[in-house]
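**Student:** Below are the structure tokens for one structure; questions will follow.
Number of protein chains: 2
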Amino acid sequence: MSKRRYAVVGTGAIGGLYGARLASVGFDVAFLGRSDVESLRRDGLFVATPTGDLVLDAVTAEGDPKRIGPVDVVLVTIKTTGQAALTELLPPLVRPGTIVVLMQNGFGLEADIAALLPDAVVLGGMCFVCATRTAPGRIDHLDYGAVTLGQHTAHGGPSGITASMAAVAEDLSSAGVRVATRDDLLAARWQKLVWNMPFNGLSVVLDAGTDEMIGDARARRLVRALMEEVAAAADAHGHGVGDGFVDKMIADTEAMTPYAPSMKLDFDAGRPLESAAIYDTPLAVAASLGVATPRLSMLADQLHLLDARNRR
Amino acid sequence: MSKRRYAVVGTGAIGGLYGARLASVGFDVAFLGRSDVESLRRDGLFVATPTGDLVLDAVTAEGDPKRIGPVDVVLVTIKTTGQAALTELLPPLVRPGTIVVLMQNGFGLEADIAALLPDAVVLGGMCFVCATRTAPGRIDHLDYGAVTLGQHTAHGGPSGITASMAAVAEDLSSAGVRVATRDDLLAARWQKLVWNMPFNGLSVVLDAGTDEMIGDARARRLVRALMEEVAAAADAHGHGVGDGFVDKMIADTEAMTPYAPSMKLDFDAGRPLESAAIYDTPLAVAASLGVATPRLSMLADQLHLLDARNRR
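Sequence lines, in order, name chains A and B.
Residue numbering for the first sequence follows my numbering, beginning at 1 and increasing consecutively.
Residue numbering for the second sequence follows my numbering, beginning at 1001 and increasing consecutively.
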């Protein structure tokens, strides 16, 4: 059987990194870009990684998804602040059975895409990675890089480990990416939020890295209280993160290389924040279940003011 | 009866403003300063006010309270971050019956001073004023200026309107200061905290003035939620702020000239924040009464990290 054909929607840090990894081991990867299409075609893609550089001289890059056409797997790697564009960008890339992997932050994304593309298989891909695009076609992969996959189901319950998940996991693994598969996508999404909701927001509000927050006793206590609000929402939603998960996240962060969360990078670059996907949608789920989230809501309100100012 | 003799502890914005007002109408006012004593003696005191300048060429300034000796009224105007120094500074200024007015932000200050000075009458003076010291002996009085007085009682209950309160109110009024007297000091302190706890902290965390916070719908909602936590603590403490008080504070702030709270001025000047008096003490009272204050505690934790960084 020939290798699966990939389209990567978005040529930022996530799309550039994982797309380049797949291309570098022989997958046919087409990148759907925007203003950087010409530069990608001319100069290729360069990814500096902790273990050496990935250099792709010949890159298939298009600005129009119709010129790529249907593929086996679509990796969606744009920021969720541009999610509305997917209504136009995705259908030309999809035929019945195409696997669409949302390698994005946030909550509730897969249901929207499954509604848009009823014949596709929709996965969530949670990337635990520190990477940044420094110029068109130039990615700095600084640290980490694992991807967790889960599959969307119409009923919201666990999918089990499906053939689609196994296929994408196999491809990414063959490209040197550490992959985990999870039978309950929403539980995996909530687990990611346990870390993302405290650290993304606080890193912007406090202008601080994970090391400063975890190193200050009162800030660490606040991080824990925020995490516990997320965990309570996950429990009430029927996709609990499991006993001891908050403790593990605190311990993991203490052991971690200091890390600037993606929202901090977005804020510092003057980009709009992914507040809807990371805060508003999960907080609406929590509210609908009667779970109190005073600290998370406060953080979202603080971010709202800073984001509005940052974009003026 | 001759005019009461005053000592003003602290020669910052508050001490300079109210001390100069009293001196300008003929009260004998001695200023207890620190490094600025020589400059006050040499150059006097200059207060720019919205209605004209106050110029005092001859100022009594001392660095040692024993050189001032006991007076009728002591106005304590230092930041509460220096409260420990009062143990040494106040006793030489006090004889039985001396009125000590704590013109400071925060909560629980009067009980400590009453324990230190059992023969004094201890008042709280809540200043609603926007003023800043721009140089030694140079005060900019920008806006507002009213003072609310209440009297400490050993039992914590209302004092009624006492002769001591009336005396200080009369003197300040004669110097052109708007004064209100309150029969319940702790209720007045909680009322001040309803405004101070949200706006002081958020102005630092969000680097924002009152106009930006009150003008953003979600930040205004957050301010209201923070105010309601303060009001709930006041109610549980038996010193409720009264129906409609939170609404009034929101409406007053909407109508107000944009204002940088004192904590914002302290932070921007690199001074330590008055977190103990404005947050930690009232939050400990709330916790002892079983009142949940998740948002206020979060704000205090955020301030703690920013203050620690600001002082490194």
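Glycine included, each C-beta is placed from N, C-alpha and C at the ideal position.
Report the neighbours of T218/A on chain B: residues whose CB is nearer than 8 Å to its CB, in chain order.
**Tutor:** Looking at the sequence provided, one finds Arg at residue 218/A rather than Thr. Near R218/A (Cβ distances below 8 Å), the residues of chain B are A1300, D1301, H1304, L1305.
**Student:** Please tell me whether V1032/B and V1009/B are closer than 7 Å, where the distance is taken between their beta carbons.
**Tutor:** Looking at the sequence provided, one finds Leu at residue 1032/B rather than Val. Their beta carbons are under 7 Å apart, which means L1032/B touches V1009/B by this criterion.
**Student:** By the 10 Å Cβ neighbour count, where 16 or more other Cβ atoms means buried, how is T1077/B classified, buried or exposed?
**Tutor:** T1077/B comes out buried.
**Student:** Which bits of chain B does A308/A rub up against, with CB to CB less than 8 Å?
**Tutor:** In chain order: D1216.
**Student:** What span of residues does the alpha helix (DSSP H) with Q104/A cover, start to end?
**Tutor:** No alpha helix (DSSP H) holds Q104/A; DSSP gives it neither H nor E.
**Student:** Within the chosen definition, does the stretch 1184–1191 of chain B reach the stretch 1236–1255 of chain B through at least 3 CB pairs nearer than 8 Å?
**Tutor:** The stretch 1184–1191 of chain B is in contact with the stretch 1236–1255 of chain B.
**Student:** Can you name the start and end residues of the beta strand (DSSP E) that A120/A belongs to?
**Tutor:** A120/A -> no beta strand (DSSP E), and no H or E assigned at all.
**Student:** Should the stretch 207–227 of chain A be called in touch with the stretch 1212–1224 of chain B, which here means at least 3 C-beta pairs below 8 Å?
**Tutor:** Flag = no, the stretch 207–227 of chain A and the stretch 1212–1224 of chain B do not touch.
**Student:** Tell me the DSSP secondary structure of V59/A in three-state form.
**Tutor:** The answer is coil: DSSP assigns V59/A none of H, G, I, E or B.
**Student:** Can you list, in chain order, the residues of its chain with a C-beta nearer than 6 Å to that of M1103/B? Leave out the 5 residues immediately preceding and following it.
**Tutor:** Counting only Cβ-Cβ distances below 6 Å, and skipping sequence neighbours, we find I1014, L1075, T1077, G1125, C1127.
**Student:** Ignore the nearest five residues each way along the sequence and tell me which others in A1287/B's own chain have a CB closer than 8 Å to its CB.
**Tutor:** Hits under 8 Å: T1293.
**Student:** Since A1045/B is in the beta strand (DSSP E), which residue starts that stretch and which ends it?
**Tutor:** Ala is not the amino acid found at residue 1045/B; the sequence shown has Leu there. Residues 1045–1049.
**Student:** My guess is that A233/A and V147/A are in contact by the Cβ rule of under 8 Å, so how many angstroms apart are they, rounded?
**Tutor:** With 8 Å as the limit, A233/A and V147/A do not qualify as a contact, their Cβ atoms being about 24 Å apart.
**Student:** Can you check whether the CB of A1084/B is closer than 7 Å to the CB of L1054/B?
**Tutor:** It is not a contact, given that the beta carbons lie outside the stated cut-off.
**Student:** I'd like the list of long-range same chain contacts for F1245/B, defined as Cβ closer than 7 Å, with 5 residues on each side in sequence excluded.
**Tutor:** Closer than 7 Å at Cβ, skipping near neighbours: Q1191, V1194, A1231.
**Student:** Could you please tell me which residues of the stretch 1164–1198 of chain B, in chain order, have their CB closer than 7 Å to any CB of chain A?
**Tutor:** From the stretch 1164–1198 of chain B, no residue has a Cβ closer than 7 Å to chain A.
**Student:** Determine the contact status of A227/A and P198/A, defining contact as a CB-CB distance below 7 Å.
**Tutor:** With the sequence shown as reference, residue 227/A is identified as Met, and Ala is not the correct amino acid for it. It is a contact, given that the beta carbons lie within the stated cut-off.
**Student:** Ignore the nearest five residues each way along the sequence and tell me which others in A1111/B's own chain have a CB closer than 7 Å to its CB.
**Tutor:** Taken in chain order, the residues that qualify are H1152.
**Student:** Our contact map puts T98/A next to P70/A with C-beta atoms below 8 Å; I'd like the distance itself, whole angstroms only.
**Tutor:** Indeed, because the Cβ distance is near 6 Å, the residues count as touching under 8 Å.
**Student:** Just checking, does the stretch 172–184 of chain A make contact with the stretch 1267–1276 of chain B on the three C-beta pairs under 8 Å criterion?
**Tutor:** No, the stretch 172–184 of chain A is not in contact with the stretch 1267–1276 of chain B.
**Student:** Distance, Cα to Cα, P158/A vs A187/A?
**Tutor:** When rounded, the distance between both Cα atoms is 9 Å.
**Student:** Which whole-angstrom value describes the C-beta separation of G1201/B and A1260/B, a residue pair presumed to lie in contact below a C-beta threshold of 8 Å?
**Tutor:** Not really, about 13 Å apart at Cβ, beyond 8 Å.
**Student:** According to DSSP, which residues form a beta bridge with I161/A?
**Tutor:** According to DSSP, which records beta bridges pairwise, I161/A is partnered with nothing at all.
**Student:** If you follow the beta strand (DSSP E) that T210/A is part of, which residue opens it and which one closes it?
**Tutor:** That residue, T210/A, is in no beta strand (DSSP E); its alpha helix (DSSP H) goes 210–215.
**Student:** Just to confirm, is the Cβ distance from Y6/A to V29/A under 7 Å?
**Tutor:** Going by C-beta atoms, Y6/A is nearer than 7 Å to V29/A.
**Student:** For T1281/B, does the count of other Cβ atoms within 10 angstroms reach 16, so buried, or fall short, so exposed?
**Tutor:** Buried is the call here.
**Student:** For a contact meaning CB atoms closer than 7 Å, what does A1208/B contact in chain A?
**Tutor:** Chain A residues near A1208/B: L305.
**Student:** Tell me which residues share the same chain as M1249/B and place their Cβ nearer than 7 Å to its Cβ, disregarding the 5 neighbours each side in the sequence.
**Tutor:** The residues are V1194, W1195, M1227.
**Student:** Are the CB atoms of D140/A and T134/A within a distance shorter than 7 Å?
**Tutor:** Yes.
**Student:** Which first and last residues belong to the alpha helix (DSSP H) in which H304/A is found?
**Tutor:** It spans 294–310 - the alpha helix (DSSP H) in which H304/A sits, taken as one unbroken run.
**Student:** With 16 other CB atoms within 10 Å as the buried threshold, where does G16/A fall?
**Tutor:** Classification for G16/A: buried.
**Student:** Between which two residues does the alpha helix (DSSP H) holding D1183/B run?
**Tutor:** Looking at the DSSP string, D1183/B is not in any alpha helix (DSSP H), and its letter there is neither H nor E.
**Student:** Just to confirm before moving on: does the CB-CB distance between G106/A and A219/A stay below 7 Å?
**Tutor:** No, they are not a contact pair.
**Student:** Below 8 Å on C-beta distance, what does R1221/B contact in chain A?
**Tutor:** Result: D301.
**Student:** Between R1295/B and chain A, is the shortest Cβ-Cβ distance under 7 Å, so that the two count as touching?
**Tutor:** Cβ-Cβ to chain A under 7 Å: yes for R1295/B.
**Student:** Run down chain B in chain order and give the residues with a C-beta less than 8 Å from the C-beta of V205/A.
**Tutor:** In chain order: V1205, L1206, Q1302.
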